[in-house]
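As structure tokens, the structure follows; a few thoughts come after it.
There are 2 protein chains.
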Amino acid sequence: MKVKHYVDVPGCPVEVTLDLIDGRWKGVVLFHLLDAGCLRFNALHRRLPGITQRLLTKQLRELEEAGLVSRTVYAEVPPRVEYRVTEEGESLRSIFDALARWGEMRLARHRAAKPKPAGC
Amino acid sequence: MKVKHYVDVPGCPVEVTLDLIDGRWKGVVLFHLLDAGCLRFNALHRRLPGITQRLLTKQLRELEEAGLVSRTVYAEVPPRVEYRVTEEGESLRSIFDALARWGEMRLARHRAAKPKPAGC
DNA sequence: GTATTAAGTTCCCGAAAGGGAACCGTAATG
DNA sequence: CATTACGGTTCCCTTTCGGGAACTTAATAC
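First to last, the protein sequences are chains W and A. In terms of the numbering used here, the first sequence has 14 at position 14, counting the first letter as 1, and numbering is strictly consecutive. In terms of the numbering used here, the second sequence has 1104 at position 104, counting the first letter as 1, and numbering is strictly consecutive.
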């Protein structure tokens, strides 16, 4: 989600899709939301070892802006914010399944001099 | 293809796959190689308006290192170098098809205040 | 002897992404 | 009064990505 420099090079449909899930984290965030259905900020954070709050916020905002994730704030204290995939985000599920299957095959294929494939 | 910082966070299979095709160009390069079967450097270059030689070289080397693309050099002058997808790269075809289909659906859905979806 | 060609490489730069650490506001809890 | 909890924000820094332009190499054609 960037529309970066290619304002004049709108790009093929493949680019359109990849743009939405590229970067270090967006794919994984979506994967977890698809998996869990609905997650609060810290619950998601716990599933993503290594990401900082700053980045997680950023990714979620971008996914929200792209229309793939919805953000619901409950006026409580302490705050409660729930994230879930939108209908359009849900439509990515089969793609993520395909990506995951392919990744598993690749890990299996290259199971030599590779670290262990830890949980997601 | 980076193995970046996550030497100790091997990542889920989704990450494995996305890592191989992320960035501004890798996806498109693979797309064209899958489309054409075999392309010489400059032929590929012509299909990618905007990329510089430097970057195209870089992307191809990374794809080659990842085992998705093969590079055949013919000892001629002027040089001839042919790129084609490997068997493993070929196995990504269905994923690219899925990405393209989803991207088209998205473009169709968001056909408002959007530039025209030009050819890839 | 000059130009051309294919497939790069080198250098150098600016922009963007990624990341660490501290800080914030409110309410309940001890 | 201090602490905890949640969901962030701010500041600042480093790394990576993307890109422009010039240079290279060796054979062949003019």
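Glycine included, each C-beta is placed from N, C-alpha and C at the ideal position.
Please name the residue, chosen from the options, that lies closest to residue i on a Cα-to-Cα basis.
{"i": "residue 83 of chain W", "options": "W/54, W/37, W/97 and W/24", "result": "W/37"}
{"i": "residue 1092 of chain A", "options": "W/92, W/91, W/73 and W/103", "result": "W/103"}
{"i": "residue 1067 of chain A", "options": "A/1079, A/1054 and A/1085", "result": "A/1085"}
{"i": "residue 94 of chain W", "options": "W/16, W/13, W/34 and W/22", "result": "W/34"}
{"i": "residue 15 of chain W", "options": "A/1044, A/1021 and A/1056", "result": "A/1021"}
{"i": "residue 89 of chain W", "options": "W/49, W/43 and W/31", "result": "W/31"}
{"i": "residue 1109 of chain A", "options": "W/87, W/110 and W/106", "result": "W/87"}
{"i": "residue 12 of chain W", "options": "A/1070, A/1048 and A/1071", "result": "A/1048"}
{"i": "residue 1062 of chain A", "options": "A/1076, A/1019 and A/1046", "result": "A/1019"}
Give the DSSP bridge partners of residue i, in chain order.
{"i": "residue 70 of chain W", "result": "W/84"}
{"i": "residue 1039 of chain A", "result": "A/1083"}
Taking 8 Å as the CB-CB limit, is residue i close to chain W?
{"i": "residue 1065 of chain A", "result": "no"}
{"i": "residue 1022 of chain A", "result": "yes"}
{"i": "residue 1104 of chain A", "result": "yes"}
{"i": "residue 1038 of chain A", "result": "no"}
{"i": "residue 1081 of chain A", "result": "no"}
Is there a Cβ from chain A that is less than 8 Å from the Cβ of residue i?
{"i": "residue 120 of chain W", "result": "Bear in mind that the predicted position of residue 120 of chain W carries a pLDDT of just 46, short of 50, making it too unreliable to give a figure here."}
{"i": "residue 96 of chain W", "result": "yes"}
{"i": "residue 9 of chain W", "result": "Any reading at residue 9 of chain W needs caution, since the residue's pLDDT is 40, under 50, leaving its predicted position unreliable; the model's value is listed next. Yes, contact with chain A."}
{"i": "residue 43 of chain W", "result": "no"}
{"i": "residue 15 of chain W", "result": "yes"}
{"i": "residue 100 of chain W", "result": "yes"}
{"i": "residue 1 of chain W", "result": "Here the model assigns residue 1 of chain W a pLDDT of 42, short of 50, so the residue's position is not dependable, and the following value carries that caveat. Chain A, which has no Cβ nearer than 8 Å to the Cβ of residue 1 of chain W, makes this no."}
{"i": "residue 28 of chain W", "result": "yes"}
Start and end of the alpha helix (DSSP H) containing residue i?
{"i": "residue 129 of chain W", "result": "Outside the shown range of chain W (1 to 120) lies residue 129 of chain W, about which nothing can therefore be said."}
{"i": "residue 1104 of chain A", "result": "1093 to 1109"}
{"i": "residue 1048 of chain A", "result": "Element bounds for residue 1048 of chain A: n/a, residue is neither H nor E."}
{"i": "residue 1057 of chain A", "result": "1053 to 1065"}
Item to check | Meets three-Cβ-pair contact criterion under 8 Å: the stretch 1083 to 1100 of chain A and the stretch 1027 to 1044 of chain A | outcome: yes
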